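Novice: Starting off with a structure, shown below.
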Amino acid sequence: MSMGKRERERKSDLWLPTTHLAQSPGHPFYERLNAVLRDAEFDSRAEELCGPYYAKGKGRPSVPPGVYFRMLLVGYFEGISSERGIAWRCADSLALRSFLGFALDESTPDSSSLCRIRQRLDVEVHQAVFQMVLEILEKRGLLRGKTIGIDATTLEANA
417 MSMGKRERER KSDLWLPTTH LAQSPGHPFY ERLNAVLRDA EFDSRAEELC
467 GPYYAKGKGR PSVPPGVYFR MLLVGYFEGI SSERGIAWRC ADSLALRSFL
517 GFALDESTPD SSSLCRIRQR LDVEVHQAVF QMVLEILEKR GLLRGKTIGI
567 DATTLEANA
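If you read the sequence shown in our numbering, its first letter stands for residue 417, the second for the next number, and so on.
Following this line, the structure appears as structure tokens:
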């Protein structure tokens with residue numbers, strides 16, 4: 417087998433048929449999680465909890481709450497703590513774009529959108545939605561934890 421060489425400069429076509437676009441086989445974890453959330457009507461329940469924090473019929477449509485909370489779950493599962501990092505990861509990954517419900521020709525939410533939504537929603541709403549996710553997973557038999565550990569270590573910052 418001969419060694420392939422990377423092209424130094426590649427000129428791309430201006431128009432590509434959608435059949436030539438890259439496809440992702442998906443990520444089994446996110447596909448399964450999406451199926452569980454879909455069966456439990458997660459999106460409509462999250463919209464119901466977040467509804468009072470949005471103006472009715474004013475302004476442009478925002479990021480749906482189901483997409484926002486899925487992006488936060490991605491950050492949690494992948495250890496990404498910044499909104500910019502979460503937004504970049506979701507825009508970059510074909511599997512995560514599928515998890516969020518975005519086609520290749522659609523833009524995923526940027527970090528400023530995540531920041532605005534986080535500021536708009538109370539902490540209690542975030543807690544209620546994540547509690548709902550845990551209840552959904554528990555009903556499906558996907559949680560097995562019995563012990564919670566809390567670390568209350570205080571550290572002096574050297575800033």
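A virtual CB, placed ideally from N, CA and C, is assigned to each residue, including glycine.
Predicted model, so just to flag it, every value in this text is computed and none were measured.
(1) Pull up the distance between the alpha-carbon of S498 and that of L559, whole angstroms please.
(2) Determine whether the Cβ of K555 lies closer than 7 Å to any Cβ atom of chain D.
(3) I need the DSSP call for I564, collapsed to helix, strand or coil.
(4) For L512 and P525, what's the separation of their Cα atoms in angstroms?
(5) Expressed to the nearest angstrom, what Euclidean distance is found between the alpha-carbon atoms of A451 and A573?
(6) Grab me the residues of I552's own chain with a C-beta within less than 8 Å of its C-beta, minus the 5 sequence neighbours each way, in chain order.
(7) Does DSSP put E551 in a helix, a strand or coil?
(8) Out of R556, Y470 and Y446, state which residue places its alpha-carbon closest to the alpha-carbon of Y576.
(9) Quick check on DSSP: helix, strand or coil for E457?
(10) Measuring straight from C-alpha to C-alpha, what distance separates P477 and E425?
(11) May I have the straight-line CA-CA distance separating L488 from T435, to the nearest angstrom?
(12) Could you have a look at A471 and say whether DSSP puts it in helix, strand or coil?
(13) Starting from the Cα of S460, find the closest Cα among L530, E540, W504 and V549 and give me that residue.
Specialist: The answer reads as follows:
(1) Position 82 of the sequence shown, counted from the start, is the residue given in the question as residue 498. Position 143 of the sequence shown, counted from the start, is the residue given in the question as residue 559. About 26 Å.
(2) Annotation note: the requested chain D is absent from the structure, which comprises a single protein chain.
(3) Numbered from its first residue, the sequence shown carries residue 564 at position 148. Three-state DSSP puts I564 in coil, outside helix and strand.
(4) Residue numbering aside, residue 512 sits at position 96 when the sequence shown is read from its first letter. Residue numbering aside, residue 525 sits at position 109 when the sequence shown is read from its first letter. When rounded, the separation of the alpha-carbon atoms in L512 and P525 is 12 Å.
(5) Taking the sequence shown and counting its residues from 1, one reaches residue 451 at position 35. Taking the sequence shown and counting its residues from 1, one reaches residue 573 at position 157. Roughly 43 Å separates the two Cα atoms.
(6) For this step, residue 552 is matched to residue 136 along the sequence shown. Leaving aside the five residues that flank I552 on each side, the residues in its chain whose CB is nearer than 8 Å to its CB run, in chain order, V452, L453, A456 and F458.
(7) Working through the sequence shown from its first residue, we reach residue 551 at position 135. Three-state DSSP puts E551 in a helix.
(8) As displayed, the chain neither begins before 417 nor continues past 575, which places residue 576 out of reach and without an answer.
(9) Counting from one through the sequence shown, the residue named residue 457 turns up at place 41. In the structure shown, E457 sits in coil (DSSP, three-state: anything other than H, G, I, E or B).
(10) Here the question's residue 477 lines up with position 61 in the sequence shown. Here the question's residue 425 lines up with position 9 in the sequence shown. Each residue's alpha carbon lies about 40 Å from the other.
(11) Translated into the one-based positions of the sequence shown, residue 488 becomes position 72. Translated into the one-based positions of the sequence shown, residue 435 becomes position 19. If I take the Cα positions, the gap works out to 31 Å.
(12) The residue given as residue 471 occupies position 55 in the sequence shown. DSSP, reduced to helix, strand and coil, places A471 outside both helices and strands of the structure shown, so it counts as coil.
(13) As a working note, residue 460 is residue 44 in the sequence shown. Among L530, E540, W504 and V549, the Cα nearest to that of S460 belongs to V549.
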